[in-house]
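> Numbering (the working numbering), first residue to last: 10 to 298.
What follows is a structure written as structure tokens; I'll ask about it next.
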Ligand code: G3P
Ligand code: CA
């Protein structure tokens, strides 16, 4: 029993390090997969800015993942952290700034490339207008226990509704089931994907907690189209089980070619990465076989 427990806990490690090949070969020819730019092409431009998003569009991704938060005056902006400290020249919580104050900050210089100095934190509307259906957009709603985020999912949907055919190309994802439920209660046309919980703190336990809580729901509730796990928690067997229960699997955020190829061999449906250009090259290499 103990041996079985140890093996099952470390199964993803075994698949990633021992069992699965990192080489592009003919077995990948049948694989179809989405290329998703994490926070725009965040490895090559400051994350969640129009520059990073423009770069991802130029690279030719299928989807762009972004993170959203609320300003003091209830405008939805595209930024990852709850504070502005890491990715701007300001300090403090995003939701303590008005939009006007927030857009005075420099969200580009921290990246260390002079051409991005003066980049602004964009609003969700600016990002969606810019993409305008040229690829899909995956919007992540973070943990938002502050009362300021009351009705946030509903407010997001109001922005999505302003885009032409927005339901087709804009998708919501969150670790928090309640936001996805609230989104569906408000508007059942919206597409949603469930992020797996707490991989950072409990990488191998998360799969079991999450699948017990949510895998069973796939059949009754086909609104959760995908279960999106951190890539270190995956194995071929786990992906098989998620597929068998009706979920697609979009994993984040492998950033090397070898990791990406291994995950494709395991059977993921999409990869969210800071370096989508690597994945575009992998797709070309597979097509050239
Ligand atoms: O798409 C999922 C992934 O973005 C979650 O992690 O911290 O990069 O937002 P994080
Ligand atoms: Ca994210």
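We put the beta carbon where it would ideally sit given N, CA and C, even for glycine.
Bear in mind the structure is a predicted one, so any value in this text is a computation, not a measurement.
(1) Tell me whether residue 247 is buried or exposed, calling it buried when 16 or more other Cβ atoms sit within 10 Å of its Cβ.
(2) In the DSSP assignment, what residue or residues form a beta bridge with residue 261?
(3) Helix, strand or coil: which one does DSSP assign to residue 62?
(4) Anyone know if the C-beta pair for residue 115 and residue 98 falls short of 7 Å?
(5) Starting from the Cα of residue 290, find the closest Cα among 283, 266, 282, 273 and give me that residue.
(6) Per the DSSP calculation, residue 43 is bridged to which residue(s)?
(7) Specify, as a first and last residue, the run of the alpha helix (DSSP H) that residue 15 falls within.
(8) Pairing CB atoms from the region 191-202 with CB atoms from the region 125-134, are three or more of them under 8 Å?
(9) Count the other CB atoms, across all protein chains shown, that sit within 10 Å of the CB of residue 12; report buried if there are 16 or more and exposed otherwise.
(10) With a threshold of 8 Å, are at least 3 pairs of Cβ atoms found where one atom belongs to the region 36-47 and the other to the region 77-90?
(11) Taking all protein chains shown into account, do 16 or more other C-beta atoms lie within 10 angstroms of the C-beta of residue 200, making it buried, or fewer, making it exposed?
(12) Determine the direct distance from the alpha carbon of residue 93 to that of residue 107, and round the result to whole angstroms.
(13) Going by beta carbon distance, what residues of the same chain come within less than 7 Å of residue 210, once the five residues before and after it are set aside?
(14) By the three-class DSSP mapping on this structure, what secondary structure does residue 146 have?
(15) Is DSSP giving residue 245 helix, strand or coil here?
(16) Is the separation between the beta-carbon of residue 235 and that of residue 268 shorter than 7 Å?
(17) Closest by CA to residue 292, which one among 33, 183, 26, 15?
The answer reads as follows:
(1) buried
(2) 239, 281
(3) helix
(4) yes
(5) 266
(6) 279
(7) 11-18
(8) no
(9) exposed
(10) no
(11) buried
(12) 13 Å
(13) In this prediction, residue 210 has a pLDDT of 46, which is less than 50 and means its spatial position is unreliable; what the coordinates show is noted afterwards. There are no such residues.
(14) strand
(15) helix
(16) no
(17) 33
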